[in-house]
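As structure tokens, the structure follows; a few thoughts come after it.
There are 2 protein chains.
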Amino acid sequence: MIKYILLGFLNYQPMTGYQLKQAIDESTAHFWHAHHSQIYTTLRQMEGEGLVTSELLQQESLPDRRVYTIQPAGQQVLKDWLNQTQTEASPIKEDLLVRLFFSAQRDPIQVLTELRLQFELHQAKLAAYLAIGEHIVNEYAKANPAWKRDQQFWRLTLDMGIHYEEMYIAWLQNSIKKIETL
Amino acid sequence: MIKYILLGFLNYQPMTGYQLKQAIDESTAHFWHAHHSQIYTTLRQMEGEGLVTSELLQQESLPDRRVYTIQPAGQQVLKDWLNQTQTEASPIKEDLLVRLFFSAQRDPIQVLTELRLQFELHQAKLAAYLAIGEHIVNEYAKANPAWKRDQQFWRLTLDMGIHYEEMYIAWLQNSIKKIETL
DNA sequence: CGCCACATGTAAAAAGTTACATGATTAG
DNA sequence: CTAATCATGTAACTTTTTACATGTGGCG
Chain G
1162 MIKYILLGFL NYQPMTGYQL KQAIDESTAH FWHAHHSQIY TTLRQMEGEG
1212 LVTSELLQQE SLPDRRVYTI QPAGQQVLKD WLNQTQTEAS PIKEDLLVRL
1262 FFSAQRDPIQ VLTELRLQFE LHQAKLAAYL AIGEHIVNEY AKANPAWKRD
1312 QQFWRLTLDM GIHYEEMYIA WLQNSIKKIE TL
Chain F
1162 MIKYILLGFL NYQPMTGYQL KQAIDESTAH FWHAHHSQIY TTLRQMEGEG
1212 LVTSELLQQE SLPDRRVYTI QPAGQQVLKD WLNQTQTEAS PIKEDLLVRL
1262 FFSAQRDPIQ VLTELRLQFE LHQAKLAAYL AIGEHIVNEY AKANPAWKRD
1312 QQFWRLTLDM GIHYEEMYIA WLQNSIKKIE TL
């Protein structure tokens, strides 16, 4: 999957592994993230497959940067992947729910502490997403008029992030209440 | 993670790999799933670590079954894991959002078809969760009075599943509308 | 002086998926 | 006769995570 994300970004413009990591952290991290080690190795692997090419640029007083450029073969792979529609709902893996599922024997105080911490974490995430929303509307749209249509799709994924966090926060509040009165 | 789920179930009663797979599919699958291959290998691995023991029971006209029983060491591992509170929100990996993020250049008809299929899939999931909720209330609570407290925690995780699907469905409806009028 | 940003990698381990492999019974 | 349920496993592969590894320049 990380392969397609990298190709997706490179399809806009040539980028380095470092920049791709940043782009992911800033935009797709709330539905897909990756460590830099995976990004660098996947880029090299894709270069071997002829999906991208790279060139090393030297900089004064800063480390060299390896810029990757998507190739027609890479664009085709991306396109093919997008064209073969998903026929399943993606599975969820949510640590907290696993923990909660087996928490009946735990000290309720500890469970509540954990849920309250999650409450704060998810509120922070929500706040961050809302800020990104503002950012997209105010800055990005003006700076890159060519990506106006793209931005509408990015916005949809951000909306999901926002709704998800809102739902999560409401559920945490409700769960905390229920455990308190158990 | 699958390790703790298996220990969590075995902490209630001895079970076979097959039964554990069933238990996971029926209860935790909406926040954590596993293939049978992973379950069987993890059980064997835990046996090697002394967290569980197993014995082979022969059956007439049915295959042998290997029943796993949790050991004190396994209970300790489970307890320790539950006691060390998560300090982060679990990351999300949602294929559909990755696809949507890079879908500006795709044929909108195709995107809509994909979203409408997801709409049906998530509606089916929601219906299934609601049915499970009924099941828990009506049958399970009466059959296992010793797990009454546990059931209240199970119920909380199911609630999340329900709220998640409701949110997802609403977001899909809204996204479909937006793309239709794009 | 210490931390952050810049910048790229490798290695090893853990986790998860897919495919291969077998075989009896029972219900439709 | 065909599909599903019961029942367990291995092997190969892919993906992801964690740790190791290095080095400069700027800011407070």
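Going down the list, the sequences are from chains G and F.
When we follow this note's numbering, the leftmost residue of the first sequence carries the number 1162, and every step to the right adds one.
When we follow this note's numbering, the leftmost residue of the second sequence carries the number 1162, and every step to the right adds one.
Don't be surprised by glycine CBs; every beta carbon is placed ideally from N, CA and C.
No experiment lies behind these values; they were computed from the predicted model shown.
Hey, how far is the Cα of residue 1274 (chain F) from the Cα of residue 1244 (chain F)? Answer to the nearest angstrom: the Cα atoms are 45 Å apart.
Closer than 8 Å, CB to CB, is residue 1238 (chain F) near chain G or not? Not an interface residue.
Contact under 8 Å by Cβ, residue 1343 (chain G) with residue 1269 (chain G): A distance below 8 Å separates the beta carbons of residue 1343 (chain G) and residue 1269 (chain G).
What residues from the region 1248-1264 of chain F come within 9 Å of chain G, judged by C-beta to C-beta, listed N to C? For the region 1248-1264 of chain F, the set of residues with a beta-carbon nearer than 9 Å to any beta-carbon of chain G comprises 1248, 1249, 1250, 1251, 1252, 1253, 1254, 1255, 1256, 1257, 1258, 1259, 1260, 1261, 1262, 1263, 1264, in chain order.
Just to confirm the assignment, what range does the alpha helix (DSSP H) spanning residue 1203 (chain G) have? 1197-1209 is the extent of the alpha helix (DSSP H) around residue 1203 (chain G).
Counting only runs of 4+ residues fully inside the region 1251-1293 of chain G, write out the alpha helix (DSSP H) ranges in chain order. When DSSP assignments are scanned along the region 1251-1293 of chain G, the uninterrupted stretches of alpha helix (DSSP H) that are 4 or more residues long and fall wholly within it turn out to be 1256-1262.
Residue 1185 (chain F) - containing alpha helix (DSSP H), residue span: Counting along the chain, residue 1185 (chain F) falls outside any alpha helix (DSSP H), and DSSP gives it neither H nor E.
From what residue to what residue does the beta strand (DSSP E) around residue 1224 (chain G) run? Counted as a single uninterrupted DSSP element, the beta strand (DSSP E) harbouring residue 1224 (chain G) occupies residues 1223-1231.
Using the Cβ count rule (16 or more neighbours within 10 Å means buried), how would you classify residue 1326 (chain G)? By the 10 Å Cβ count, residue 1326 (chain G) comes out buried.
Suppose the cutoff is 8 Å on Cβ atoms and the five residues either side in sequence are ignored; what does the same chain contact list for residue 1200 (chain G) look like? Excluding residues within five positions, the ones whose Cβ falls inside 8 Å are 1163, 1167, 1178, 1181, 1182, 1185.
Determine, for residue 1278 (chain F), whether the minimum Cβ-Cβ distance to residues of chain G falls below 8 Å. Closer than 8 Å: yes.
Report yes or no: is there a C-beta of chain F within less than 8 Å of the C-beta of residue 1275 (chain G)? Closer than 8 Å to the CB of residue 1275 (chain G) there is at least one CB belonging to chain F.
The alpha helix (DSSP H) with residue 1318 (chain F) in it runs from where to where? 1309-1341 is the extent of the alpha helix (DSSP H) around residue 1318 (chain F).
For the beta strand (DSSP E) containing residue 1171 (chain G), list its first residue and its last residue. Bounds of any beta strand (DSSP E) do not take in residue 1171 (chain G); it lies within the alpha helix (DSSP H) bounded by 1163-1171.
Got a sec: is the Cβ-Cβ distance from residue 1310 (chain F) to anything in chain G below 8 Å? Answer yes: the Cβ-Cβ gap between residue 1310 (chain F) and chain G drops below 8 Å somewhere.
Listed from N- to C-terminal order along the chain, which residues in the region 1215-1241 of chain F have their beta-carbon within a distance smaller than 9 Å of any beta-carbon of chain G? Answer set for the region 1215-1241 of chain F: 1239, 1240.
Give me the Cβ distance between residue 1315 (chain F) and residue 1297 (chain F), rounded to the nearest whole Å; I'm assuming they're in contact under 8 Å. Rounded, the Cβ-Cβ distance is 7 Å, consistent with contact.
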